[in-house]
Amino acid sequence: MKQRAPDLLRSTTELEGEDDKAEALAVKDREGKQPLHWAAHRGHKRMVKELLKLRASPGAKDRNGARPVHLAAFEGKTRALRELLEVESRRSATARTDGGAEPLHLAATRGHAEVAKLLLRRKASPDARDAKGAQPLHMAAYEGHAAMVDLLIASGATPDAGADDGTDPAKLAWTRGHKDDLAQKLNDAIPKRSPGGRKVLGPLHEDL
1 MKQRAPDLLR
11 STTELEGEDD
21 KAEALAVKDR
31 EGKQPLHWAA
41 HRGHKRMVKE
51 LLKLRASPGA
61 KDRNGARPVH
71 LAAFEGKTRA
81 LRELLEVESR
91 RSATARTDGG
101 AEPLHLAATR
111 GHAEVAKLLL
121 RRKASPDARD
131 AKGAQPLHMA
141 AYEGHAAMVD
151 LLIASGATPD
161 AGADDGTDPA
171 KLAWTRGHKD
181 DLAQKLNDAI
191 PKRSPGGRKV
201 LGPLHEDL
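Note that our numbering gives residue 167 to position 167 of the sequence shown, counting from 1, and the numbers run on in steps of one.
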């Protein structure tokens with residue numbers, strides 16, 4: 001039977017021996033997730049805080065290399081994420097999964113603007129690249145999250161950054177059907193330069 005979050009926390013804190021507590025904090029499920037992963041995933045701020053006090057590891061990784069901060073960012077759990085970032089702010093804000101994704105990539109994928117703002121304040125880079133060269137702006141453009149695109153560009157993201165396959169955010173937005181608004185917005189954000197620098201682009205890269 002699954003334990004509710006308060007029950008799980010109570011059963012952990014009531015353990016008497018330090019070794020017993022350490023073992024309980026490090027127990028993993030089939031996905032390699034520990035109690036702190038699930039507390040972060042479900043946004044249980046109080047449980048995250050108490051588990052950290054008990055010395056649960058914020059750097060613990062599941063089978064995909066995801067830490068609790070990645071799960072909180074993906075699910076949009078801002079309060080739980082803030083607790084995790086208080087422990088090791090810069091390191092957690094830029095931690096990578098096995099696929100190279102930082103928490104900001106995951107927040108951008110889901111369009112969680114408040115989470116993204118928090119991560120950016122904690123020095124996450126708007127131009128961070130995952131293992132395939134994709135940046136948070138690629139994720140936001142692909143999923144059609146206009147507010148996230150605005151936030152990332154305002155925070156210094158490179159609007160014409162190419163992933164390893166050369167695909168830029170505007171092209172991603174275009175191919176996903178976000179032609180009339182998001183793709184045009186991304187194209188308009190690309191610096192237009194005179195001959196001798198980057199070539200001046202026409203409307204939507206001449207229809208890409």
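Every residue gets a Cβ at the ideal spot worked out from N, C-alpha and C, and that includes glycine. These numbers come from a predicted model, not from an experiment.
Assigned with DSSP and collapsed to three states, T94 falls in coil, not helix or strand. In the structure shown, V27 adopts coil according to DSSP, grouped into three states. With fewer than 16 other Cβ atoms from the protein chains shown falling within 10 Å of its own Cβ, V27 counts as exposed. Listed in chain order, the non-local C-beta contacts of D160 below 6 Å within the same chain comprise D168 and I190, local neighbours out to five positions each way being set aside.
Our two residues, H37 and K132, have alpha carbons roughly 25 Å apart in a direct line. The DSSP-derived three-state label of S125 is coil. For L152, the enclosing alpha helix (DSSP H) starts and ends at A146 to A154. Within its own chain, no residue has a Cβ closer than 6 Å to the Cβ of R55 once the five positions on either side in sequence are excluded. Pairing V48 with L25 gives a Cβ-Cβ distance that is not under 8 Å.
Secondary structure within the segment 50–87: the alpha helix (DSSP H) runs of 4 or more consecutive residues, fully enclosed, are 68–75 and 78–87 (chain order). The Cβ neighbour count for K53, taken over all protein chains shown within 10 Å, is under 16; the residue is labelled exposed. Selection E75, D130 and A95 evaluated against E114 yields E75 as nearest (Cα-Cα). With a contact defined as Cβ atoms closer than 8 Å, A173 and A157 miss out at about 14 Å.
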